[in-house]
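This report concerns only the one structure given below.
Number of protein chains: 2
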Amino acid sequence: MNDVLSHIQSNSERYLRELGDLLAIPSVSTNPENAADVRRCAEWVAAQLRAIGLEDVRVMPTPGHPVVYGAWLGAPGKPTLLIYGHYDVQPPEPLDLWTSPPFQATVRGDNLYARGASDDKGQFFIHLKSVEAFLKTTGTLPINVKFLIEGEEEIGSDHLEDFIRAEADLLKADLVMISDSSMFARDVPSICYGLRGLTYMQLDLVGPNHDLHSGSFGGSVLNPIQALAEIIAQLHDRNGRVTIPGFYDDVRPLTRKEREAYKKLPWSDRSYARDLGVRALYGEKGFTTLERLWARPTLECNGIWGGFTGEGAKTVLPSAASAKISMRLVPDQTTRKINKLFTRHLKKITPPGVTMTVRSLHGGEPAITPIDSPGVRAAISALEKGFGKKPLYQRDGGSIPIVVQFKKILKIDTVLLGFGLPDENAHAPDEFLNLSNFYGGIRTSAHFMDELPSFMQKSRA
Amino acid sequence: MNDVLSHIQSNSERYLRELGDLLAIPSVSTNPENAADVRRCAEWVAAQLRAIGLEDVRVMPTPGHPVVYGAWLGAPGKPTLLIYGHYDVQPPEPLDLWTSPPFQATVRGDNLYARGASDDKGQFFIHLKSVEAFLKTTGTLPINVKFLIEGEEEIGSDHLEDFIRAEADLLKADLVMISDSSMFARDVPSICYGLRGLTYMQLDLVGPNHDLHSGSFGGSVLNPIQALAEIIAQLHDRNGRVTIPGFYDDVRPLTRKEREAYKKLPWSDRSYARDLGVRALYGEKGFTTLERLWARPTLECNGIWGGFTGEGAKTVLPSAASAKISMRLVPDQTTRKINKLFTRHLKKITPPGVTMTVRSLHGGEPAITPIDSPGVRAAISALEKGFGKKPLYQRDGGSIPIVVQFKKILKIDTVLLGFGLPDENAHAPDEFLNLSNFYGGIRTSAHFMDELPSFMQKSRA
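As C-alpha cells, this is what we get:
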C-alpha cells in the first residue's frame, strides 16, 4: 500500500491535468446540440480506462447516450466491485453567473471549478486513479473491478435499467460503489446510508382557448396563472406539511438512534441560512433541518411559466400556465403510489374554468443501505485512513435511482462514498470539487479496495 | 342636411376606392423596415385633408413617427371638435392566415378586409368623408374641426403626450371625438362612456442566493416559486374579490340606471363561455359579466416565470421567481393610490425567507364621460339618425390613455364613437370593417356635426 499511496502523491498534478481534459468536454446530455460532445466524452472515458490498464473496454450503445464499460478481473476468488459513475453533466446556464468558463477547469484556492467537477466527472475519476495507482505500482488489484460509466444520469438514466437487465451477466458483482454525492462538510468525512427518491411531474393548465386582452376580458374568466398559483399554494399547510391526502402514510419514522447520530454532526441553522442568503429557514414543523433534508419527504416547484415574460408590459390574460413539481420521497414511499395520490388530489383541487393535465416526467425510489453491511464497514475504515478522521453517518436528500435498480436487478447493495461538498454548486453556476477531497478520495478508494476482501470474508464467516 | 346625406349616398363607391388606397400602405409603426411606408401614409393623409377642403394641413414631426394635423375653423362662435385617429397599423403576421392579402383591401359580403380597415384607418376616414360632404355641398361646416391623426398608437403613443403639451394652443377645442373602438354588437349601435385604467407591476422574489439542487436542499428553505404562488393566491378571496385592503374604497358604485342599461344589451354568458372554450366563467360575486368587465376593477397575472422551464426534468430549487401583475381600475380609483396599496400589501404578505421587489412598469387612469354631457347626448342622437336604431350605452374594459391625456392637458372630455365590431379581428389576420357600419358611420358623423351646436348651447343655457 505504501507504494500505491506514494504513487498517488507524486502523480497528483497529472491527475488534475487529465481531469481538466475530461471537464473540457461539454457533455450536456439534455441538449441535442451537444450529442457529438457526449459521444466524444464517452470515447475519452474509454481511452482513459484503457490507459490505466483495464481490459474489455467498450463504448456500449443504448437507445440514448452510450455506456462506457471496462474491467480488471485478475483476482479470482476475490470480491468484485462494480463502480458506477456518469460522464454527462447538467446544462451550464445561466452562463453569466460563472466566475470562470464552465468548460475550462480552473483552480481557485483549494477548489477546481467546472461544470461536472463534482457531479460526477471529478468523482468517478477518483476511482480510475486509485485503480491506476495499483496497476502501475503492483501490476495487480486486491479485488476485481468493473466500471460502468453512463451518459444519461442528468436526464433520468432512462435507458440504464434496460441496459443493466440486458447485461446482468457482464455486470455481475458483489457490491456497487458510487461516488456521486457529498461528504457532510469540509473535513467531515461521512458515509451516506440513505437516499431520497424522486417523482417529477409537469402540470399544464389551460383556460380560455387563446390569449386574451386583459382589459377587454379581465374580470370574466379565470386566469390560468391565478388558478395555478392557487393550486400550488394549497399543496403546503401552515406547518410546511404537504397536504396531499395519504402523502405521509408510508414514511418510515426516524429511529431514536438516527436522530442522535444526526445530532453529532456539526450543524448550525444560523450559518446554513446565512450561507444561502436567507433570513429564515422553512420546512415541516417538528423536525430539525437535517431530519427534513434526509428523512422527510418534500414537494418543490422546480419551474413555473405562463403569459408574458419579456421586458416591459403586455396586457395579456394568457390561455395557459404550467409548472414542474417534484417530490422527494423517503422509505417506504413509492413513486407509483405518490404519483397516484398527487394526480388524484391535483385533479380534485383544479377549479372549474381551467383544465389540467398532469404528466409524470421521471422518478426513482428511495433507498437505505444497512449500516452494518460489509461494504459500509469497509468504507468507514477506508475513509478514516484516507482522511485521517473518524467518519460520521448521514443520509442524503438527493436521489440516485440507480441504487434501487442495482438492488432490484443485480441483487446487490451499494456503498455511497461521496467526495463532494454540500456547497459545491452541483446543477448551478460555479460548480466545484474540493481538491483535498479529490486527493483524499483517491487514497480512500485505494484503502477500500485493499480492505474490502477481509470485511467480506469476516461477513461470510 | 339632405344635400349632405345624398352626397354621401352618391359617393359611396368613391369612398371605398379611396379607403382602399389608404389601406394599401403598410404603415406598420413597429417595423423599422416600414418607416418609409409610415411616412408615405402620413403624406397620403395630409393630401386627403387638403383634398376635402381643410386648411393649415401639416405633417408635424415628433421624435418618432409624424402627426398629421389639419383644421377648418370657418365657424366662429360655434363649438370646435378635435377628431383623433391613428394611421399606423399592427403587423400583418401571420400572413398565411389571411384570406386575401392584408394590404389589398378586399370586399367579401358586407365586409371590407385589410389590415387597418377597422383599427383605425377605416374609422378615422369616416370623419374625413362627412367633413368632405359638408364642404362639397354647402361650402361650410356647422362646427369648427381639427384633425389629429398620429402614427404611433400601435406602439404606445410614446411621443403624443409631449406633442399635445407642446401644441396645446393649436389643439384647443371643446370636445374630442375618437372612433377607434367597436360598437357592442352587429346592428347594435352603442356609445361608450367609460374606460378602465391600468396599473402594471412586476414582482421579483429572491430566496436563496443561488439556484439549489432540490434534492440536497428541498425541505430546508422556502422555494420562491411557492412563495410567489402563495402570495398570488392570497390576492383574491373565495368570492373573486381582490383582497388588497382599501382596493375598492374609491370605486364609484354602479347606478341603478347603468345596471339597467347593461341589461338591455344582447348578452349570453353561455355563448361567451363557449366562444372562449371554458366550462365556467369567473369573477367577483354579485356582479354580472358585463358589470365585472366594465365597472369593476380587476387584478390579473399577465405573466409568471421562475426555475426550469425547458423540456424535461431539472431538479432545481430556484433562487428567484417573478410575476407581472396588472390591475384594471375604474373611476374614481387612481394609479397612484392603488400602486401604494398594492405595494404595501405585497410587502406585508411576503413571507420570511424571501425578499420581494415591486416595480411599477406602466399605468393610465380610468375615465368616464358623463352620460348627460352635451357631447354624449349629441352622439346618441346622431347614432340613432345614422343607423335608424336607438343606440345603447356601454363601457369598455380596456384603456385608452389618450382620453386621460386630453382631459388632463386640454381639459376636455372625449366622445368614443366606435364603428368597429367585436369580432373584427383587430390585431389579428382577416381584420375587417363592416361596410354598413362604415356608411352608417359617415351619416352619424355628419348628423353629429350638425347637431352638436344646439346640444352645446342647451347645456350652456
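Quick note, the sequences are listed as chains A and B, same order.
For the first sequence, the tail end lands on 948 under the working numbering, and the numbers increase by one without skipping.
For the second sequence, the tail end lands on 948 under the working numbering, and the numbers increase by one without skipping.
Where is the CB? At the ideal position from N, CA and C, for every residue including glycine.
#1: Kindly indicate which three-state DSSP category valine 841(B) falls into: helix, strand or coil?
#2: Within the 8 Å Cβ cut-off, does tryptophan 531(A) reach chain B?
#3: Relative to the C-alpha of threonine 593(A), which candidate in Gly928(A), Leu922(A), Met936(A), Leu939(A) has its C-alpha closest?
#4: Could you round the C-beta distance between aspartate 733(A) and tyrosine 769(B) to whole angstroms and report it? I think they count as a contact, below 8 Å.
#5: So the candidates are Ser886(A), Leu709(A), Asn696(A); which of them puts its Cα closest to the Cα of glycine 764(B)?
#6: Just to confirm, are methionine 664(B) and asparagine 924(B) a CB contact at a threshold of 8 Å?
#7: Against chain B, does alanine 915(A) count as a neighbour if the rule is that its beta carbon must be under 8 Å from one of theirs?
#8: With burial defined as no fewer than 16 other Cβ atoms inside 10 Å of the residue's Cβ, what is the status of arginine 501(B): buried or exposed?
#9: Under 8 Å, with one C-beta from each stretch per pair, do the stretch 813–830 of chain A and the stretch 850–861 of chain A reach the 3-pair mark?
#10: For leucine 709(B), does the three-state DSSP call read helix, strand or coil?
#11: Does the beta carbon of tyrosine 880(B) sit closer than 8 Å to a beta carbon anywhere in chain A?
#12: Report the rounded CA-to-CA distance for methionine 488(B) versus isoleucine 570(B), giving the unit in angstroms.
#13: Counting only runs of 4+ residues fully inside the stretch 765–848 of chain A, write out the alpha helix (DSSP H) ranges in chain order.
#14: Note down, in chain order, all residues in the stretch 777–805 of chain A with a beta-carbon under 7 Å from any beta-carbon belonging to chain B.
#15: In chain order, what residues of the same chain have a beta carbon less than 6 Å from the beta carbon of isoleucine 929(A), not counting five sequence neighbours either side?
#16: With a CB to CB cut of under 8 Å and the five nearest residues on each side skipped, what residues in its chain are close to threonine 627(B)?
#17: Please name the residues in the stretch 883–897 of chain A whose beta-carbon is closer than 8 Å to at least one beta-carbon of chain B, in chain order.
#18: Taking serine 701(B) as the reference, give the member of Leu804(B), Leu599(B), Leu541(B), Leu715(B) with the closest Cα.
#19: For glycine 694(B), go through chain A and note every residue whose CB falls closer than 7 Å to its CB, in chain order.
#20: Along chain A, in chain order, which residues have C-beta atoms closer than 7 Å to that of leucine 848(B)?
#21: For arginine 683(A), which residues in chain B fall below 7 Å Cβ to Cβ?
#22: So, at 8 Å on beta carbons, what are the nonlocal neighbours of valine 708(A) in its own chain, with the 5 sequence-adjacent residues on each side left out?
#23: Roughly how many whole angstroms lie between the Cα atoms of serine 868(A) and serine 514(A)?
#24: Closest to glutamate 787(A) by C-alpha separation, out of Tyr600(B), Asp900(B), Pro909(B), Gly706(B), would be which residue?
#25: To which residues does DSSP link threonine 901(B) through a beta bridge?
#26: Checking 8 Å against the spacing of the C-beta atoms, do alanine 660(A) and lysine 633(A) come in under that value?
#27: How many angstroms separate the CA atom of serine 499(A) from the CA atom of lysine 876(A)?
#28: Under 8 Å between C-beta atoms, does leucine 833(A) make it to chain B?
#29: Output the boundary residues of the alpha helix (DSSP H) element that contains threonine 593(B).
#30: Give, in chain order, every unbroken run of the alpha helix (DSSP H) that is at least 4 residues long and sits entirely within the stretch 616–689 of chain B.
#31: Does the distance from the CB of alanine 933(B) to the CB of valine 491(B) come in under 8 Å?
#32: For tyrosine 687(A), return the contacting residues in chain B, with the cut-off set at a CB-CB distance below 8 Å.
#33: Mind listing which residues of the stretch 718–731 of chain B have their C-beta closer than 9 Å to chain A's C-betas, in chain order?
#34: Spell out whether any CB of chain A is found under 8 Å from the CB atom of glutamine 713(B).
#35: List the endpoints of the continuous alpha helix (DSSP H) containing leucine 583(A).
#36: Do we get a CB-CB distance below 8 Å when we pair proline 578(B) with the residues of chain A?
Per the coordinate set shown:
#1: coil
#2: Output row for tryptophan 531(A): interface = no.
#3: Leu922(A)
#4: Rather than aspartate, the amino acid found at residue 733(A) in this sequence is glycine. About 30 Å separates the two Cβ atoms, so there is no contact after all.
#5: Asn696(A)
#6: no
#7: yes
#8: Sixteen is the threshold: since fewer than 16 other Cβ atoms of the shown chains lie within 10 Å of the Cβ of arginine 501(B), the residue is exposed.
#9: Of all C-beta pairs linking the stretch 813–830 of chain A to the stretch 850–861 of chain A, three or more are shorter than 8 Å, placing the two stretches in contact.
#10: In this structure, leucine 709(B) counts as coil in the three-state DSSP scheme.
#11: no
#12: In a straight line, the C-alpha of methionine 488(B) is about 21 Å away from that of isoleucine 570(B).
#13: 776–782, 822–836
#14: Arg779, Leu780, Arg783, Thr785, Glu787, Cys788, Asn789, Gly790, Ile791, Trp792, Gly793, Gly794, Phe795, Thr796, Gly799, Ala800, Lys801, Thr802, Val803, Leu804
#15: Ile495, Ile613, Lys616, Ser617
#16: Result list for threonine 627(B): Gly561, Ala562, Phe621, in chain order.
#17: Asp883, Gly884, Gly885, Ser886
#18: Put simply, of Leu804(B), Leu599(B), Leu541(B), Leu715(B) the residue whose alpha carbon is nearest the alpha carbon of serine 701(B) is Leu804(B).
#19: Val765
#20: Going along chain A in sequence order, the residues near leucine 848(B) (Cβ under 7 Å) are Gly799, Ala800.
#21: Gly702
#22: Gly694, Pro695, Leu699, Leu804, Gly840
#23: Within the model, the alpha-carbon separation for serine 868(A) versus serine 514(A) is close to 35 Å.
#24: Gly706(B)
#25: Val663(B)
#26: yes
#27: 21 Å
#28: no
#29: Run containing threonine 593(B): none in the alpha helix (DSSP H); it sits in the beta strand (DSSP E), 593–595.
#30: 647–653, 655–658
#31: yes
#32: Ala800, Thr802
#33: Ile718, Ile719, Ala720, Gln721, Leu722, His723, Gly727
#34: yes
#35: Checking the sequence, you will find aspartate at residue 583(A) rather than leucine. Careful: aspartate 583(A) lies outside any alpha helix (DSSP H) and carries neither H nor E.
#36: no
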